[in-house]
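From first to last, the protein sequence lines stand for chains A and B. Here the first sequence stands for residues 20 to 413, numbered as in our numbering. Here the second sequence stands for residues 20 to 413, numbered as in our numbering. Down below is the structure, laid out as structure tokens.
Number of protein chains: 2
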Amino acid sequence: MKKSDTEQIRAANRVDIINTLRVFGPLARVDIGQRTRLSPATVTAITSDLVAEGVIREVQKPVSATGRGRPRVLIGLNPDHASALGIKLSINEIRLMLGDLQGNIVAETVVTADTQSLDQASLNDLLVDQASRFLEDYPDHARRLVSLGVAIQGIVDAHRGYSVWSPALSIKNVNMTAALEAAFECPVELANDTNCIAHAIHKHPEYLQKPDFAVIMIGYGVGGSLILNGDLYSGHNGAAAEFGHTKYTPTGPTCACGKAGCIEAYVADYALYRDARALIDLPETDRRHPSEDEMRHLTQLARDGSTPARELFDRAGRVLGFGIANVLALISPERVVVTGPGVRAYDLLEDSIQAGIQEALIPELVGRTEIQSYPWSEDMTGKGVIALALGHFR
Amino acid sequence: MKKSDTEQIRAANRVDIINTLRVFGPLARVDIGQRTRLSPATVTAITSDLVAEGVIREVQKPVSATGRGRPRVLIGLNPDHASALGIKLSINEIRLMLGDLQGNIVAETVVTADTQSLDQASLNDLLVDQASRFLEDYPDHARRLVSLGVAIQGIVDAHRGYSVWSPALSIKNVNMTAALEAAFECPVELANDTNCIAHAIHKHPEYLQKPDFAVIMIGYGVGGSLILNGDLYSGHNGAAAEFGHTKYTPTGPTCACGKAGCIEAYVADYALYRDARALIDLPETDRRHPSEDEMRHLTQLARDGSTPARELFDRAGRVLGFGIANVLALISPERVVVTGPGVRAYDLLEDSIQAGIQEALIPELVGRTEIQSYPWSEDMTGKGVIALALGHFR
DNA sequence: GTAATTAGGTCGACTCGTAAATTAAATATG
DNA sequence: CATATTTAATTTACGAGTCGACCTAATTAC
Numbered sequence: 020m021k022k023s024d025t026e027q028i029r030a031a032n033r034v035d036i037i038n039t040l041r042v043f044g045p046l047a048r049v050d051i052g053q054r055t056r057l058s059p060a061t062v063t064a065i066t067s068d069l070v071a072e073g074v075i076r077e078v079q080k081p082v083s084a085t086g087r088g089r090p091r092v093l094i095g096l097n098p099d100h101a102s103a104l105g106i107k108l109s110i111n112e113i114r115l116m117l118g119d120l121q122g123n124i125v126a127e128t129v130v131t132a133d134t135q136s137l138d139q140a141s142l143n144d145l146l147v148d149q150a151s152r153f154l155e156d157y158p159d160h161a162r163r164l165v166s167l168g169v170a171i172q173g174i175v176d177a178h179r180g181y182s183v184w185s186p187a188l189s190i191k192n193v194n195m196t197a198a199l200e201a202a203f204e205c206p207v208e209l210a211n212d213t214n215c216i217a218h219a220i221h222k223h224p225e226y227l228q229k230p231d232f233a234v235i236m237i238g239y240g241v242g243g244s245l246i247l248n249g250d251l252y253s254g255h256n257g258a259a260a261e262f263g264h265t266k267y268t269p270t271g272p273t274c275a276c277g278k279a280g281c282i283e284a285y286v287a288d289y290a291l292y293r294d295a296r297a298l299i300d301l302p303e304t305d306r307r308h309p310s311e312d313e314m315r316h317l318t319q320l321a322r323d324g325s326t327p328a329r330e331l332f333d334r335a336g337r338v339l340g341f342g343i344a345n346v347l348a349l350i351s352p353e354r355v356v357v358t359g360p361g362v363r364a365y366d367l368l369e370d371s372i373q374a375g376i377q378e379a380l381i382p383e384l385v386g387r388t389e390i391q392s393y394p395w396s397e398d399m400t401g402k403g404v405i406a407l408a409l410g411h412f413r
Numbered sequence: 020m021k022k023s024d025t026e027q028i029r030a031a032n033r034v035d036i037i038n039t040l041r042v043f044g045p046l047a048r049v050d051i052g053q054r055t056r057l058s059p060a061t062v063t064a065i066t067s068d069l070v071a072e073g074v075i076r077e078v079q080k081p082v083s084a085t086g087r088g089r090p091r092v093l094i095g096l097n098p099d100h101a102s103a104l105g106i107k108l109s110i111n112e113i114r115l116m117l118g119d120l121q122g123n124i125v126a127e128t129v130v131t132a133d134t135q136s137l138d139q140a141s142l143n144d145l146l147v148d149q150a151s152r153f154l155e156d157y158p159d160h161a162r163r164l165v166s167l168g169v170a171i172q173g174i175v176d177a178h179r180g181y182s183v184w185s186p187a188l189s190i191k192n193v194n195m196t197a198a199l200e201a202a203f204e205c206p207v208e209l210a211n212d213t214n215c216i217a218h219a220i221h222k223h224p225e226y227l228q229k230p231d232f233a234v235i236m237i238g239y240g241v242g243g244s245l246i247l248n249g250d251l252y253s254g255h256n257g258a259a260a261e262f263g264h265t266k267y268t269p270t271g272p273t274c275a276c277g278k279a280g281c282i283e284a285y286v287a288d289y290a291l292y293r294d295a296r297a298l299i300d301l302p303e304t305d306r307r308h309p310s311e312d313e314m315r316h317l318t319q320l321a322r323d324g325s326t327p328a329r330e331l332f333d334r335a336g337r338v339l340g341f342g343i344a345n346v347l348a349l350i351s352p353e354r355v356v357v358t359g360p361g362v363r364a365y366d367l368l369e370d371s372i373q374a375g376i377q378e379a380l381i382p383e384l385v386g387r388t389e390i391q392s393y394p395w396s397e398d399m400t401g402k403g404v405i406a407l408a409l410g411h412f413r
């Protein structure tokens, strides 16, 4: 139970206004009032505070002189007022991204490192070291850094800031946040990479009003994320939505997690490529995961009429449909959004996803949830992790 | 977005105090302050309002004179200040329950009716008619009726008040609330019966502080319910948590829902009894579902060493474990609570549930969620539906 | 030039919750 | 038995919030 008092109201309305501005761009005070349902008086009070602090500022844009009356003066976030650093840790790669208060990525760099050989101490050193070095090039941003966000694949305990297990690391139960917190003296948010993507999608105007949706990310693995009641749901352990490791069938191909019959073992890039190589003459991939080019090649084979390739995608879609059916039965969200590199083949999957749902879902629930794909871009994780970090800004 | 203003604070703190009193019984003002984290001044202000309205009252109990100082005066809800009517609709049976403000059932009656032959109009008439007749015997309660709650098996659209599909009715997409709302001029809450049970459990002191748990009810079917972030989660369509119809395997025994391989088709009473009759000499059951006595007999056979019976329960437990593993992967709650008539055999299921989880769940998540049973009693649904209805009281 | 219109700001009334002071009602103590 | 002590509950003063009503500013329409 948390108590309600009057200062929390102001704080809540403040972030409400800030978030409204972040999502809906520069807005006149009247519009803010309409969107937040705050009275003009309150909007004026809060915005003048924010202007005084430099968080927002008036942008004099020759607003299309629509109608008469005093012209509205637009105000927008001042992107230069605060910055956040996003760190995305993948297998042998660290991506550092600098975001402004608006949530845009203003600088980015990629460092390669042997992430598998790290222990807790050297991981700490590596993260702090790389982040410091990166920030040195952007002293202005460094000065106004308000928070950090770390995205990592695998299972994450978001509440405690631990990576429970990640393909990027050989060690388990690793604290990812303490060293950075100490070094930069600001809050550090840790999140599963799929949660970052879900968060990024959630911040899009079209999705902001959808309080309940699930995101499924297909790529090197299969991840999931839930936005429930308008908030990222990360479960009691901070480790929810491991959709890829829900089961299609108790017996089945082996998954990267070691168990049999996970959705991921049918749908992830590595699974498709592995199974395809048993049927089709494909070049061996020397990496742990097939490359984007290799996957594009396989996808094109299916589009060009290769029956075994086609059947593999059909099966993947059907399995995905089964998994989604379980989500629909349990959560019944408004939408399921499929994204990730794997959407490159969404045209091949779509029909069989629907068929799988049809086959598995209790008929009365069929058709109540929209299934749709979301175009994938590489920097969604980055935008998401920065947005998540910026959540600490008030 | 909802506006925050100062009166909402008072409203929120008011219900906070009322709920605290409902759950933790009569309490002194100091204790209320401690539990709600409100200052003594605020507690005094709100409680004196509530006393003036008659919602709560001082109960002079010879409080064990522990220590010196001014003795605390306990205040508790005034059960006679408001009443709620709960209606539980099952196959050929309508159970009517009168609850006081405390949430206790003060009167109850059961009516039999041919629920399967009803159309929308005759259902409306039946519900209104039976409720009116029942209330006639309790004019005092009728006068202070604040809300109604309707519990029904099957798939429910709680937001809109529709029964999407129910074994109790032959018609689908039936509005269950409009007629009652019009007749009694007060809000009517509709809920799936398992959600009622989950709500009842959630109101227990021990569970109130657990904001994330799942409830699985085993009986004539297998139902599920989710308490997320401290609130009953009913999904965008108001139809979440159909745990029984998540899948164990794409091919498998036929479920009551018509699909193959649902968890329910292995675990529900009807499934166990059906499969047992194929292996063991058991009396045919003339009802659609085996009776409690018949199920007790089957359970006892397994306890007494009948190998085929034992194996059936083992399989049911394992399947349940698989299903729970999917819930853990997706939701990662703090606890999973198993209840319903089926817990009569929990001793037979427990080990194989754990084995099933172990087998299916990604190892890193094993052991993070407590699985426990909750003793079943017939009136949990009633208490839950009344508690749900009383949620409208402020 | 004046009226109409729309945006934004100011001020007073009201509400809320809290800290601190005060009152109430018991026990402990000598 | 009177008084100090202790704990519970209430009252008071105050700072913080929102809102409605009114006012001012800056345009366009005529």
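Note that the Cβ used here is the ideal one computed from N, Cα and C, for glycine as well. Keep in mind it's a predicted model, so treat the numbers as computed, not measured.
Nearest-angstrom Cα separation, counted from residue j out to residue i
| i | j | result |
| --- | --- | --- |
| Gln228 (chain A) | Gly249 (chain A) | 8 Å |
| Ile343 (chain B) | Tyr285 (chain B) | 14 Å |
| Gly118 (chain A) | Glu208 (chain A) | 14 Å |
| Asp398 (chain B) | Cys205 (chain B) | 24 Å |
| Gln79 (chain B) | Val92 (chain B) | 7 Å |
| Gly105 (chain B) | Thr128 (chain B) | 11 Å |
| Ala233 (chain B) | Gly243 (chain B) | 7 Å |
| Leu100 (chain A) | Ile372 (chain A) | Reading the sequence as shown, one finds His at residue 100 (chain A) and not Leu. In a straight line, the C-alpha of His100 (chain A) is about 45 Å away from that of Ile372 (chain A). |
| Thr273 (chain A) | Gln391 (chain A) | 28 Å |
| Arg89 (chain A) | Pro224 (chain A) | 28 Å |
| Leu120 (chain A) | Val165 (chain A) | 9 Å |
| Ile360 (chain A) | Arg334 (chain B) | Note that residue 360 (chain A) is Pro in the sequence shown here, rather than Ile. About 39 Å. |
| Ala210 (chain B) | Leu96 (chain B) | 25 Å |
| Leu145 (chain B) | Ile190 (chain B) | 15 Å |
Cβ-based neighbour list, residue i, same chain, cut-off 7 Å, excluding 5 preceding and 5 following
| i | result |
| --- | --- |
| Val1 (chain B) | Because chain B in this structure spans residues 20 to 413, residue 1 (chain B) falls outside the shown range and cannot be described. |
| Gln149 (chain B) | Ile113, Leu115, Val130 |
| Thr400 (chain A) | Lys107, Ala170, Asp212, Cys215, Ile216 |
| Val147 (chain B) | Ala198, Leu199, Ala202 |
| Ala328 (chain A) | Ala295, Ile299, Leu317, Leu320, Ala321 |
| Ala406 (chain B) | Gly122, His218, Ala219, Lys222 |
Whether residue i touches residue j by CB criterion (7 Å)
| i | j | result |
| --- | --- | --- |
| Thr2 (chain A) | Ala197 (chain A) | Lying before the first or after the last residue shown, residue 2 (chain A) is absent from chain A, which here runs from 20 to 413. |
| Ile65 (chain B) | Arg33 (chain B) | yes |
| Phe332 (chain B) | Ala348 (chain B) | no |
| Asn345 (chain A) | Arg387 (chain B) | no |
| Ile376 (chain B) | Gly340 (chain B) | yes |
| Ala202 (chain B) | Val241 (chain B) | no |
| Pro45 (chain B) | Gly52 (chain B) | no |
| Ala408 (chain B) | Gly168 (chain B) | yes |
| Arg354 (chain A) | Glu389 (chain A) | yes |
6 Å CB neighbourhood of residue i in its chain, flanking five on each side removed
| i | result |
| --- | --- |
| Met20 (chain A) | With a pLDDT of 37 at Met20 (chain A), under the threshold of 50, the modelled position of that residue is not reliable, and the figure given next carries that caveat. None. |
| Gly403 (chain A) | Cys215, Ile216, His218, Ala219 |
| Pro230 (chain B) | Asn248, Gly249 |
| His221 (chain A) | Ile246 |
| Pro309 (chain A) | Asp288, Tyr292 |
| Glu77 (chain A) | Val92, Ile94 |
Spatial neighbours of residue i in its chain, beta-carbon cut-off 8 Å, leaving aside the 5 residues before and after
| i | result |
| --- | --- |
| Lys22 (chain B) | Note that Lys22 (chain B) has pLDDT 45, beneath the 50 cutoff, so the model's placement of it is unreliable and the number below is only indicative. Same-chain partners within the cutoff: there are none. |
| Glu303 (chain B) | Arg296 |
| Pro269 (chain B) | Ala279, Gly280 |
(message) For the stretch 369-401 of chain B, list every residue whose C-beta sits within 8 Å of some C-beta in chain A, in sequence order.
(response) Glu378, Ala379, Leu380, Ile381, Pro382, Glu383, Leu384, Arg387, Thr388
(request) Return the residues of the stretch 126-148 of chain A that lie within a Cβ-Cβ distance of less than 7 Å from chain B, sorted by chain order. (result) none
(message) Residues of the stretch 185-201 of chain B in Cβ contact with chain A at a cutoff of 8 Å, in chain order, please.
(response) Lys191
(request) Using a Cβ-Cβ cut-off of less than 9 Å, give me the residues of the stretch 345-362 of chain A that come near chain B, in sequence order. (result) Asn345, Val346, Leu347, Ala348, Leu349, Ile350, Ser351, Pro352, Glu353, Arg354
(message) Give me the subset of the stretch 108-127 of chain B whose CB atoms are less than 9 Å from a CB atom of chain A, sorted by chain position.
(response) none
(message) Taking beta-carbon pairs under 9 Å, can you tell me which members of the stretch 244-260 of chain A lie near chain B?
(response) Leu245, Leu247, Asn248, Asp250, Tyr252, Ser253, Gly254, His255, Asn256, Gly257, Ala258, Ala259, Ala260
(request) Just list the beta strand (DSSP E) runs in the stretch 114-177 of chain B, keeping only unbroken ones of 3 residues or longer that don't cross its boundaries, in chain order. (result) 124-131, 164-171, 174-176
(message) What are the residues in the stretch 162-180 of chain B lying within 7 Å of chain A by C-beta distance?
(response) Ile174
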